[in-house]
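Asker: Residue numbers (this note's numbering), protein chains in the order written: chain V, 1 to 365; chain P, 1001 to 1365.
Have a look at the structure that comes next, please.
2 protein chains.
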Amino acid sequence: MTAENTHPAPASDPVEDLVTVIPAGGVGSRLWPLSQPHRPKFLLDLLGTGATLIQDTVARVAPLSTRVLVVTGERHADAVAAQVDVPRENLVTEPSPRDSMAAIALAAALIEERWGSQVMASFAADHLIPDAASFRAVVREAARVARDDKVVVIGIEPTEPSTAFGYIEMGGALSGDAREVAAFTEKPDAETAAAMLARGGYAWNAGMFVVRTDVLLGHLDRLQPTLAAGVREIAAAWDGPARAEVLARVWPTLTRIAIDHAIAEPVAAEGGVAVVPASFEWHDVGDFDSLAELSGTGADAVSIGRTAPVGAVAARGPLVVGGTKPVVVVGVDDAVVVESDEAILVTVRASAQRVKDAAHALEGA
Amino acid sequence: MTAENTHPAPASDPVEDLVTVIPAGGVGSRLWPLSQPHRPKFLLDLLGTGATLIQDTVARVAPLSTRVLVVTGERHADAVAAQVDVPRENLVTEPSPRDSMAAIALAAALIEERWGSQVMASFAADHLIPDAASFRAVVREAARVARDDKVVVIGIEPTEPSTAFGYIEMGGALSGDAREVAAFTEKPDAETAAAMLARGGYAWNAGMFVVRTDVLLGHLDRLQPTLAAGVREIAAAWDGPARAEVLARVWPTLTRIAIDHAIAEPVAAEGGVAVVPASFEWHDVGDFDSLAELSGTGADAVSIGRTAPVGAVAARGPLVVGGTKPVVVVGVDDAVVVESDEAILVTVRASAQRVKDAAHALEGA
């Protein structure tokens, strides 16, 4: 860590050339029935803290970044506007999902149109980072490295051989905390993950990156020229009367590709990606097993988003989410009982991944 | 079977000297949260057929018996009156529970007061007997035997070595289908139950008996003289102005004892008890495992008392009772999900016995 990072900046000390982009997409189908297409994960107060995930994300970056863009689907724009204090013109609404590269490239092009080249930082709307100050210190360091023409990813120090994330293979040292990215790897199997942790030099890819807009769009011009031209055309029209016409004409033609494949992997192969390692706690909270873990479910029952009591008979650590009636679990360890306005889910932590099929099972019932 | 029994009587062909007594007590705590002290099992439509257990019981005896008495707690009298078409004067309300002998002896004494000596048949209010015609044929046979001064129990042919019921050890043949009762045995352990089934000559004691009131009260005069005197005094005052005074004075003094211990066991030892074996299907439905069994829960989901769909993902045969929201069970075999107005229970069939502790678990939560 640099001296700057071991002495975190004051609570609010914005980085002047920084614009934060928050892509808010993804339903979170393993969190059904809390998350659903009309109410995706980022709109949920998943831990019952009083703040939704996107509110938490916006609050986390606010002291660092006076300008925040949220990129989300048109159908969620009103819900996002109701939840977070982002000017309506900074809500970038996609007519339809065209994968992450189109969303982020449009944001980058829009930033260039409005403010010229800036350092852009992108963070998913639905991740949890309890220690916001440490997070901001790492982003400051990443912004510093990004000014040197690098695509900078934040690499989370692995705490277990998770098979749920892609990994960043770290290479030689750069300035400060930064290191080169040797390669990105896909989500590994358990054996590979264990081997990587034993070998060391790997970080989790949390999808957080910091890059100058001109650097990002320059890579895009080379690697995905039609996509680059498309988002530049849309961005040029965005703040004027032609937005709807241009969007309707151009958006559907944009190449569907993830930023990992479009930029991160090929640019890393060219030596253009750096990683700033981070040791702060980070959670994707993709399913009820991780929610239970995060909520401290152990021997006792844990309730989220409810006030009625939960009882357990011969049942270790039930997690009960939502609902207004008392719940008793008898003889089922690690039970998860979730009630939304629409439905009730009963499962166990070990089956958390299968919850993605729950809505479909109901259609056939 | 006698010729009479193999040709069942017409649907309604009452036995002239028969009075049916239906003791309606017992919460059914393993069926929580459906059954609760204020809403005991006999008031529930447990199978979702449209009839509660006591309604089903009354309908089953109606073609056989023009006079039906229901003995129940004072707090349940209004609910019983609302459910079944029994004249209010035939609702025998107990000020407090004093075990089965007091309840049944009071009914017997009241029958004698009103109609002189009659054949009295007693059936619990919360058992299920799908084949009502076969049931009535057996009761006719039992009434015939009862006229010969016997206490007659109906013995259910065991279909498995159940440990949930007491057993009747059958002795020598009497007239018709009847046999002597050699002895009653308590609920056996699994090994003993298996041995009894292998040996043969045992029937389940379903608590159904038929006896002349003068025979029953005669045994009671000898074996429990103060109890006999007490119920005779109450019965004499029942249909007059002194009922409340006598009930308040005498009822609390009555010996608390089960009819099994007060009459059945000692009279059997004297050779005074007969058994009429019965092969009709009979269910106590004491817990959610037996309810699931009875509802035909197998690979597919079964719903009772609800219309919303039930889905299952990697989950064999869930039973979902009550509630208005769709329910999906993921990764839990044999799940039981029960919703009442007051609470939600989540368990599995193998833990059905532990449900009796559920309400208590909630008190501590």
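Just so it is clear, CB atoms sit at the ideal spot from N, CA and C, and this is done for glycine as well.
Scan the stretch 324-353 of chain V for residues whose Cβ lies nearer than 8 Å to a Cβ of chain P and list them as they occur along the chain.
Answerer: Those residues of the stretch 324-353 of chain V that come within reach of chain P (Cβ to Cβ, closer than 8 Å) are Lys325, Pro326, Val327, Val328, Val329, Val330, Gly331, Val332, Ala335, Val337, Glu339, Glu342, Ala343, Ile344, Leu345, Val346, Thr347, Val348, Ala350 and Ser351.
Asker: In three-state DSSP terms, what is V/Leu106?
Answerer: DSSP places V/Leu106 in helix when its eight states are reduced to three.
Asker: For V/Leu291 and chain P, any beta-carbon pair shorter than 8 Å?
Answerer: No, no contact with chain P.
Asker: Can you tell which of V/Glu342, V/Ala146, V/Leu128 and V/Tyr202 has the C-alpha that lies nearest to the C-alpha of V/Asp45?
Answerer: The residue with the shortest Cα to Cα distance from V/Asp45 is V/Leu128.
Asker: For P/Glu1160, which beta-bridge partners are listed by DSSP?
Answerer: Answer by DSSP bridge pairing: none, since P/Glu1160 is not bridged.
Asker: Any C-beta of chain V sitting closer than 8 Å to the C-beta of P/Leu1362?
Answerer: It does: the Cβ of P/Leu1362 has a partner Cβ on chain V nearer than 8 Å.
Asker: Closer than 7 Å by beta-carbon distance: list the chain A residues that pair up with P/Val1355, in chain order.
Answerer: This model lacks chain A altogether; the protein chains it does include are V and P.
Asker: Going straight from the alpha carbon of V/Val181 to that of V/Ser100, what length do you get?
Answerer: Roughly 21 Å between the two C-alpha positions.
Asker: Counting only runs that start and end within the stretch 1187-1275 of chain P, where is the alpha helix (DSSP H) found for 4 or more residues in a row?
Answerer: Counting whole runs of 4 or more residues, the stretch 1187-1275 of chain P contains the alpha helix (DSSP H) stretches 1190-1199, 1213-1223, 1225-1238, 1243-1250 and 1265-1269.
Asker: Just to make sure I have the definition right: I need the residues of chain V whose C-beta is within less than 7 Å of the C-beta of P/Ala1314. Which are they?
Answerer: Correct list: Ser351 and Arg354.
Asker: Got a sec: is the Cβ-Cβ distance from P/Pro952 to anything in chain V below 8 Å?
Answerer: No answer is possible for residue 952 of chain P: it lies beyond the span of chain P, which begins at 1001 and ends at 1365.
Asker: Kindly indicate which three-state DSSP category V/Ala121 falls into: helix, strand or coil?
Answerer: Correct three-state label for V/Ala121: strand.
Asker: Compute the distance between the beta-carbons of V/Arg98 and V/Leu294, then report whether it is under 8 Å.
Answerer: Cβ atoms of V/Arg98 and V/Leu294: not closer than 8 Å.
Asker: Is any beta-carbon of chain P found at less than 8 Å from that of V/Gln358?
Answerer: According to the sequence shown, residue 358 of chain V is Ala rather than Gln. Yes - at least one Cβ of chain P is within 8 Å of the one on V/Ala358.
Asker: Checking contacts by CB at 8 Å: is P/Pro1014 closer than that to chain V?
Answerer: Taking Cβ atoms only, chain V never reaches closer than 8 Å to P/Pro1014, which makes this a no.
Asker: With a cut-off of 8 Å, do at least 3 Cβ pairs link the stretch 121-139 of chain V to the stretch 267-282 of chain V?
Answerer: With a cut-off of 8 Å, the stretch 267-282 of chain V and the stretch 121-139 of chain V count as touching, because enough Cβ pairs lie within range.
Asker: Quick check on V/Ala190: buried or exposed, where buried means 16 or more other Cβ atoms within 10 Å of its Cβ?
Answerer: Exposed.
Asker: Are the stretch 1164-1172 of chain P and the stretch 1198-1211 of chain P in contact at 8 Å, needing three or more beta carbon pairs?
Answerer: Contact holds: three or more Cβ-Cβ distances are below 8 Å.
Asker: Go to P/Phe1424, then tell me how far its beta strand (DSSP E) extends in each direction, as first and last residue.
Answerer: Here chain P covers residues 1001 to 1365 and nothing more, so residue 1424 of chain P does not appear.
Asker: Just how far apart, CA to CA, sit P/Glu1233 and P/Glu1112?
Answerer: Rounded to whole angstroms, P/Glu1233 to P/Glu1112 spans 12 Å at the Cα level.
Asker: Tell me which residue opens and which closes the alpha helix (DSSP H) that V/Leu291 is part of.
Answerer: First-last of the alpha helix (DSSP H) with V/Leu291: Phe288 to Leu294.
Asker: Out of curiosity, what's the CA-to-CA distance linking V/Pro326 and V/Leu345?
Answerer: Using only the alpha carbons, I get a separation of about 15 Å.
Asker: Under the three-state reduction of DSSP, which class applies to V/His127: helix, strand or coil?
Answerer: Reduced to three states, the DSSP call for V/His127 is coil.
Asker: How big is the Cα-Cα spacing for V/Ala236 and V/Val320?
Answerer: Roughly 49 Å between the two C-alpha positions.
Asker: In the DSSP output, which residue or residues are listed as bridge partners for P/Thr1093?
Answerer: DSSP, once it has assigned bridges, lists P/Thr1072 as partnering P/Thr1093.
Asker: Let's test the definition: count the other Cβ atoms within 10 Å of the Cβ of P/His1076 and tell me whether it reaches 16, buried, or not, exposed.
Answerer: Label assigned to P/His1076: buried.
Asker: Do you know offhand how far P/Thr1213's Cα is from P/Leu1223's?
Answerer: Spanning the two alpha carbons is a distance of roughly 15 Å.
Asker: By a C-beta neighbour count over all protein chains shown, 10 Å radius and 16 as the cutoff for buried, is V/Arg147 buried or exposed?
Answerer: Result: exposed.
Asker: Let me know the secondary structure DSSP gives V/Glu169 once reduced to three states.
Answerer: Strand, per DSSP.
Asker: I need the DSSP call for P/Ser1366, collapsed to helix, strand or coil.
Answerer: Outside the modelled stretch of chain P, which goes from 1001 to 1365, sits residue 1366 of chain P, for which no answer is possible.
Asker: Have a look at V/Ser241 and V/Ser29 and give me their C-alpha separation to the nearest angstrom.
Answerer: First, the amino acid is wrong: residue 241 of chain V is Pro here, not Ser. Spanning the two alpha carbons is a distance of roughly 37 Å.
Asker: Quickly, what does DSSP pair P/Ile1022 with across the bridge? List them, please.
Answerer: In DSSP, P/Ile1022 forms a bridge with P/Val1070.
Asker: On the DSSP letters alone, give me the boundaries of the alpha helix (DSSP H) that V/Ser134 sits inside.
Answerer: That run of the alpha helix (DSSP H) goes Ala132 to Ala146.
Asker: Suppose contacts are defined by Cβ-Cβ distances below 8 Å. Is V/Ala178 in contact with V/Val27 by that definition?
Answerer: It is not a contact, given that the beta carbons lie outside the stated cut-off.
Asker: Figure out for me which residue from P/Leu1064, P/Ala1195 and P/Ser1303 has the closest Cα to the Cα of P/Thr1163.
Answerer: Answer by Cα proximity: P/Ala1195.
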